[in-house]
Amino acid sequence: MTEPLPAGSTVGILGGGQLGRMLAVAAARLGYKTHIFEPGAAPAADVAHAWTQAGYGDLDALKTFAEACDVITFEFENIPADALDVLSATTPLYPDRRALEVSQDRLIEKSFLRDLGLQTASFAPLTSDIQADLKVTGVPAILKTRRFGYDGKGQARVMQADEADAAVASLEGASAIAEGFVDFSKEISVIAARGQDGSISAYDPGENVHEDGILSTTTLPAQIAPPLRTDAVLMASQILNALDYVGVLGVELFVTPAGLVVNEIAPRVHNSGHWTQAGCAVDQFEQHIRAVTGWPLGDGSRHANVVMENLIGEDVDRAAALAGEPGVQIHLYGKAETRPGRKMGHINRVTGAA
Ligand code: AMP
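With the working numbering applied, the sequence shown covers 129 to 482.
Right under this line is the structure:
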């Protein structure tokens, strides 16, 4: 077994949002300091030891940050390659570059998943001949930018072939892929971790409902046939091993009559894993910090049925009223300004024993 980093060591976190904040709290519980790197507002910095407020183009700031950290991890995947070069030359970075390179680009990601033998939507890189691309994917299709898409942004639907030109125009020249429409009955996700020793621990899959492209609720247990639950966990394990991954990974899946179809992977803790804070002895944030600092992975088995509800925009005004309801755990992200569509917090509602 590898020895865990000693107490008092510093975990660097790239990104200062709510995921970084919850990682920092988990790191503190394991005796670590955290150092946040974030150019903008940083709710994570409120609970961290240090904050470097600089951009990803500031290579000197990145180097100084890396020198101050014993290990570096991240809460978002769009970290520029030059920044990764500087960071990983100085300090171990988990998950490593390969996981980032695969998940930063939808074309590389889909090709990687298909090469593993996993089912994905049919896909094609967008060329200057959209009608030819749609022959590969079929119609309806969804055009998605290869990079920098999140919460349904950077996407355009093509319900009929004659809508294709307008959909392409809406992407404003960004490099993109076309994806065939998957006729799914449910969306689920599985959150899984791999330790430095190669051991794997997967959480039970949760059932996700999105509104306006943003995750609204995750419900455990997912109402799916038991074999699909096993399939989801095996798929996540296969991905983790193929990437020689260290840390927590989220895998979003569509449930279809032909089995599970992978939508995308996120090389980090994931919004649809927040339920683990109320449903498991070791939640996804502690599990991730354990993995990147060389601890054994913890017990991720589910002891409770949980519904996670995101508090988006003015939903957060209901937090005090929700706090009094049975089984409700409140998590607020400390963001100064409420804006429509902004994730302000979440609740985990324990609905019974597992
Ligand atoms: P994404 O940004 O790829 O996670 O997509 C956001 C949401 O759009 C997903 O959660 C699905 O509800 C929907 N979606 C994405 N890709 C497809 C697809 N190929 N077929 C049907 N629905 C999709």
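Virtual Cβ for every residue (Gly too), placed ideally from N, Cα, C.
The structure displayed is predicted, hence computed values, not measured ones.
{"Asked": "Coarse secondary structure for Ala409, derived from DSSP in three states", "Found": "coil"}
{"Asked": "Start-to-end residues for the alpha helix (DSSP H) that takes in Gln259", "Found": "258 to 265"}
{"Asked": "Cutoff 6 Å; reference Gln324; Cβ partners in own chain excluding five residues on either side", "Found": "Thr130, Val374, Gly422"}
{"Asked": "Whole-Å CB distance - Thr219 paired with Gly140, under 8 Å assumed", "Found": "7 Å"}
{"Asked": "Distance between beta carbons of Phe312 and Thr384, contact taken as under 8 Å", "Found": "5 Å"}
{"Asked": "Nearest neighbour of Ala152, chosen from Pro134, Ala135, Ala169, Asp174 [CA to CA]", "Found": "Asp174"}
{"Asked": "Heavy atom of the ligand AMP within 6 Å of Val230 beta-carbon", "Found": "no"}
{"Asked": "Short Cβ contact (7 Å threshold) for Asn399 with Leu450", "Found": "no"}
{"Asked": "Range covered by the beta strand (DSSP E) that runs through Phe486", "Found": "Since the first residue shown for the chain is 129 and the last is 482, residue 486 is missing from the structure and cannot be characterised."}
{"Asked": "Beta-carbon proximity of Ile417 to Ala155, cut-off 7 Å", "Found": "yes"}
{"Asked": "C-alpha distance - Ile258 paired with Gly387, whole-angstrom precision", "Found": "29 Å"}
{"Asked": "Check: Phe251 C-beta below 6 Å from any heavy atom of the ligand AMP", "Found": "no"}
{"Asked": "Cross-strand partners of Glu380 (DSSP beta bridge)", "Found": "Ser317, Glu392"}
{"Asked": "Validate contact between the segment 327 to 346 and the segment 292 to 306 using beta carbons, cut 8 Å, 3 pairs", "Found": "no"}
{"Asked": "7 Å Cβ cutoff met for Leu147 and Val397", "Found": "yes"}
{"Asked": "Option in Ile393, Ala217, Thr201, Thr404 with minimal Cα separation from Phe240", "Found": "Ile393"}
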